[in-house]
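J.: Heads up, our numbering is the position in the sequence shown plus 1, with the first residue counted as 1. In this text, a Cβ means the ideal position worked out from N, Cα and C, and glycines have one as well. Note that this is a predicted model, so its numbers are computed, not measured.
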Amino acid sequence: MGTFSTVLRAGRRVALNMRLRSKLFVVYLLLSIIPLFVFVLYSYATIRSELTEQTYSAMSNTVSQIADNLQDKMDNWSKITASLYLDVNLQDYLTRDYSNSTNYLEAYEYINRVFGNIRTTNPDIHSIQVYIPNDKFPADGFYIRPIDGSVRQTGWFKQVSQTYGKAVYGTTIMDQDQNRVFTLARLLNINSLNYPYGILVFEMKEDEIYSLMSKESSNKEIMVTDADGVIVSASDKSLVSKRVDDLLPTKLPQQASGTFDTVYNGERSLAVYRTLTNGWHTLSIAPYSSFLAKADSATRNILWMALSITLSAVILLYFTSGLLTKRFEKLLNGIRKVGREDFDIRLGDMGNDEIGQVSGAFMKMSGKIDTLINEVYKKEIAKKETELHMLQSQINPHFLYNTLGSISALALKQGDNQVYAMVQHLAKFYRISLNKGKHRISIGEELELTRNYISIQQTRFKDLLHVTYDVDETLRECSTIKLILQPFVENSIHHGIWNDERGIGIVIRVHAAGMDRVVIDIIDDGMGMTKERQEMALRKTESGSGFGVRNVDERIRLAFGEEYGVQCYSRVGIGTQVRITLPRVY
Numbered sequence: 002m003g004t005f006s007t008v009l010r011a012g013r014r015v016a017l018n019m020r021l022r023s024k025l026f027v028v029y030l031l032l033s034i035i036p037l038f039v040f041v042l043y044s045y046a047t048i049r050s051e052l053t054e055q056t057y058s059a060m061s062n063t064v065s066q067i068a069d070n071l072q073d074k075m076d077n078w079s080k081i082t083a084s085l086y087l088d089v090n091l092q093d094y095l096t097r098d099y100s101n102s103t104n105y106l107e108a109y110e111y112i113n114r115v116f117g118n119i120r121t122t123n124p125d126i127h128s129i130q131v132y133i134p135n136d137k138f139p140a141d142g143f144y145i146r147p148i149d150g151s152v153r154q155t156g157w158f159k160q161v162s163q164t165y166g167k168a169v170y171g172t173t174i175m176d177q178d179q180n181r182v183f184t185l186a187r188l189l190n191i192n193s194l195n196y197p198y199g200i201l202v203f204e205m206k207e208d209e210i211y212s213l214m215s216k217e218s219s220n221k222e223i224m225v226t227d228a229d230g231v232i233v234s235a236s237d238k239s240l241v242s243k244r245v246d247d248l249l250p251t252k253l254p255q256q257a258s259g260t261f262d263t264v265y266n267g268e269r270s271l272a273v274y275r276t277l278t279n280g281w282h283t284l285s286i287a288p289y290s291s292f293l294a295k296a297d298s299a300t301r302n303i304l305w306m307a308l309s310i311t312l313s314a315v316i317l318l319y320f321t322s323g324l325l326t327k328r329f330e331k332l333l334n335g336i337r338k339v340g341r342e343d344f345d346i347r348l349g350d351m352g353n354d355e356i357g358q359v360s361g362a363f364m365k366m367s368g369k370i371d372t373l374i375n376e377v378y379k380k381e382i383a384k385k386e387t388e389l390h391m392l393q394s395q396i397n398p399h400f401l402y403n404t405l406g407s408i409s410a411l412a413l414k415q416g417d418n419q420v421y422a423m424v425q426h427l428a429k430f431y432r433i434s435l436n437k438g439k440h441r442i443s444i445g446e447e448l449e450l451t452r453n454y455i456s457i458q459q460t461r462f463k464d465l466l467h468v469t470y471d472v473d474e475t476l477r478e479c480s481t482i483k484l485i486l487q488p489f490v491e492n493s494i495h496h497g498i499w500n501d502e503r504g505i506g507i508v509i510r511v512h513a514a515g516m517d518r519v520v521i522d523i524i525d526d527g528m529g530m531t532k533e534r535q536e537m538a539l540r541k542t543e544s545g546s547g548f549g550v551r552n553v554d555e556r557i558r559l560a561f562g563e564e565y566g567v568q569c570y571s572r573v574g575i576g577t578q579v580r581i582t583l584p585r586v587y
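1) Is the separation between the beta-carbon of I35 and that of I223 shorter than 8 Å?
2) Quick one: which unbroken alpha helix (DSSP H) runs of 4-plus residues sit fully inside the stretch 111-188? Chain order, please.
3) Taking the C-alpha atoms as reference points, what is the distance between A168 and T82?
4) Return the Cβ separation of V225 and T283 in integer angstroms, given the expectation that the two are a contact with Cβ distance under 8 Å.
5) Taking the alpha helix (DSSP H) that I505 belongs to, which residues open and close that run?
6) Using the three-state DSSP reduction, which class does P36 fall into: helix, strand or coil?
7) For Y454, name the three-state secondary structure that DSSP assigns.
8) For my contact list, Y198 and N135 are in at a C-beta cut-off of 8 Å; report their separation, rounded to the angstrom.
9) In this structure, how does DSSP classify P488 when only helix, strand and coil are distinguished?
10) DSSP has V202 in a bridge; who is on the other side?
11) Would you mind giving the Cβ-Cβ distance between F138 and R97, rounded to the nearest angstrom? I have them listed as a contact below 8 Å.
12) From S61 to E51, what distance separates their C-alpha atoms?
13) Identify which residue in G445, H467, F363 has its Cα closest to the Cα of K338.
14) Does I174 have its Cβ less than 8 Å from a Cβ in chain C?
15) Which residues in the same chain as H390 place their Cβ atom closer than 8 Å to its Cβ, once the five residues preceding and following it in sequence are excluded?
16) Give the DSSP-derived three-state secondary structure of D526 in the structure shown.
17) What residue does the alpha helix (DSSP H) around R572 start on, and which one ends it?
18) Give me whichever residues DSSP pairs with E268 in a beta bridge.
19) Could you give the first and the last residue of the continuous beta strand (DSSP E) run that contains D93?
20) Tell me where the alpha helix (DSSP H) around Y211 begins and ends.
21) Got a sec? Which residues, its chain only, sit under 8 Å from G156 by beta carbon, not counting five neighbours each side?
22) Where do the N-terminal and C-terminal ends of the alpha helix (DSSP H) with I557 fall, by residue?
23) With a cut-off of 8 Å, do at least 3 Cβ pairs link the stretch 145-155 to the stretch 204-221?
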């Protein structure tokens, strides 16, 4: 909270010290430019998110459709191989010994009819071969082929040898006619799992798979991979037989279907995939630039428009603020001239708007001030100076001291000791109170001034006046204004004495209040005052000595601040206490 307040105050100071033109630009920046660019960025992010979602949905539908069509084809091929796997006649023909017989012609007649019908009804099957270990059956090299060393080196042979009759799909290869084909192989071992009698192999052109996705390959790459990640078919034929892991920095996730971000051909792309039942994958990859190009173009156009509008607004604001600040500068120069007491103000045409109205009012005001200063203020100063000189000549400290000295010498010559003592005390009183024109004296000097006044009064009241001092000697050098005790002592004497027998007791106490304050108490056991009389005394502006109670309080507050001053407490029949609070300064 403290740090925030500090930052807020610092920001306020910076704002107050900025020029008006800068403030206008900052306000325009905060209220117009920033919201505009935030809106553009928000719109772009929203459009981008929406296009990405739509593209993902379309790619998911495409991948699912291709996967479903391919799955149907593969299921159909598997069913055909299953029918041949279960063909007892085919098994019988392939396992006979034809060493001394020409019955193999009957076998070929059956095989040609069955295989021919399959290829006729399923044109997507490029070729059918059966590789047999029976060297007693003459191979024709077309449908029936021997299992030789080259066959044993093929990938599908190694896979199918361990399947016990399950169909196995092989990767894409080039056949003898330079066609890209992939194989579906099944081990023929019915009724004898340990002694297979042949391997059934279907070859399908890669084009059969590509035909399922050729119409969907615009602006994106669609491919089919086998369970090991080897590409079986793709729109880019150069990718066939390559591994997906070599093309993408990330591997396909283990889930059956989904999406992920990747990098393809150096571009950030969106990938969507689906897994078939045999472990193959259909994969679609679309660069973000392909479907976000329009959004990027629209955003660029909006940004250019926003920049053009902003630039136009800044230029307009520049000239408008210049018009404002120039008039403010003229007005400020006029104010500074008035501050130098130069009231010849000529601001020129300032218009009729608020600035113009303020300027007109200022010029009228400066004219009136000029008139008042010339006609009133200067005359009053001259009058006050004249009166001051008269007062100074009337109250001349040297004249006063010389006069009192003469009276004192005369009283001593006449043997009147009381008059002599009173004049001496009065001389000391005025010597301290005049203080060579200074307003500040020490508390010790203020106490001495009060002692002299009390000595004069004791000459009059004799034994009716009893004064006790309780002073912290360490506070005598503290500074105060003069004549703050005498008015309250005078009030105690004039308003507190009961009668000629009882008199009055006064205690003057000076003590510290904490480390930074001095308290002076004037306490008497006189008659006390009613609340009304107390308020009347506080309203009194002059007393016999020339200084009123309220005057003392106001002078203390003016000299030291509103937290210092005079407090009065009084009760009839008990007495009065006046407390004076001063700062502890030296």
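T.: To lay it out plainly:
1) Position 34 of the sequence shown holds residue 35. Position 222 of the sequence shown holds residue 223. It is not a contact, given that the beta carbons lie outside the stated cut-off.
2) For the stretch 111-188, whole alpha helix (DSSP H) runs of length 4 or above, ordered along the chain, are 150-153, 156-161.
3) By one-based count along the sequence shown, residue 168 stands at place 167. By one-based count along the sequence shown, residue 82 stands at place 81. Near 8 Å, if we compare the C-alpha coordinates of T82 and A168.
4) Here residue 225 refers to the residue found at position 224 of the sequence shown. Here residue 283 refers to the residue found at position 282 of the sequence shown. Contact between V225 and T283 is confirmed by a C-beta separation of about 6 Å, below the 8 Å threshold.
5) By one-based count along the sequence shown, residue 505 stands at place 504. Looking at the DSSP string, I505 is not in any alpha helix (DSSP H); the run it does join, the beta strand (DSSP E), is 505-513.
6) Stepping through the sequence shown from its first residue, residue 36 is reached at position 35. Reduced to three states, the DSSP call for P36 is helix.
7) Counting from 1 along the sequence shown, the entry for residue 454 is found at position 453. Helix, per DSSP.
8) The residue given as residue 198 occupies position 197 in the sequence shown. The residue given as residue 135 occupies position 134 in the sequence shown. Contact flag correct, Cβ pair sits at about 7 Å.
9) Your numbering for residue 488 matches position 487 in the sequence shown. Assignment of P488 by DSSP, reduced to helix, strand and coil, places it in the helix class.
10) The residue given as residue 202 occupies position 201 in the sequence shown. Bridge partners of V202 according to DSSP: Q130, A186.
11) Walking along the sequence shown from the start, residue 138 turns up at place 137. Walking along the sequence shown from the start, residue 97 turns up at place 96. With a Cβ gap of about 7 Å, F138 and R97 count as contacting.
12) For this step, residue 61 is matched to residue 60 along the sequence shown. For this step, residue 51 is matched to residue 50 along the sequence shown. Each residue's Cα considered, the two are about 15 Å apart.
13) For this step, residue 338 is matched to residue 337 along the sequence shown. The shortest CA-to-CA distance from K338 to any of G445, H467, F363 is the one to F363.
14) Looking for chain C here will not work: only one protein chain is present.
15) Residue mapping note: residue 390 aligns to position 389 of the sequence shown, counting from 1. With a pLDDT of only 45 at H390, under 50, the local geometry of the prediction cannot be trusted, and the value read off the model is given with reservation. So no residue of the chain qualifies.
16) In the sequence shown, counting from the first residue as 1, residue 526 sits at position 525. In the three-state DSSP reduction, D526 falls in the coil class, being neither helix nor strand.
17) Counted from its first residue, the sequence shown places residue 572 at position 571. Run containing R572: none in the alpha helix (DSSP H); it sits in the beta strand (DSSP E), 566-572.
18) Position 267 of the sequence shown, counted from the first residue, corresponds to residue 268. DSSP, once it has assigned bridges, lists Y265 as partnering E268.
19) Counting from 1 along the sequence shown, the entry for residue 93 is found at position 92. Annotation: D93 is outside any beta strand (DSSP E); the continuous alpha helix (DSSP H) that includes it extends over 89-96.
20) Locating residue 211 in the sequence shown gives position 210, where the first residue counts as 1. Run containing Y211: 207-211, per the alpha helix (DSSP H) assignment.
21) Translated into positions along the sequence shown, residue 156 becomes position 155. Only G171, T172 meet the Cβ criterion.
22) On the sequence shown, position 556 is the one that residue 557 refers to. Where I557 is concerned, the enclosing alpha helix (DSSP H) starts and stops at 550-561.
23) The stretch 145-155 is not in contact with the stretch 204-221.
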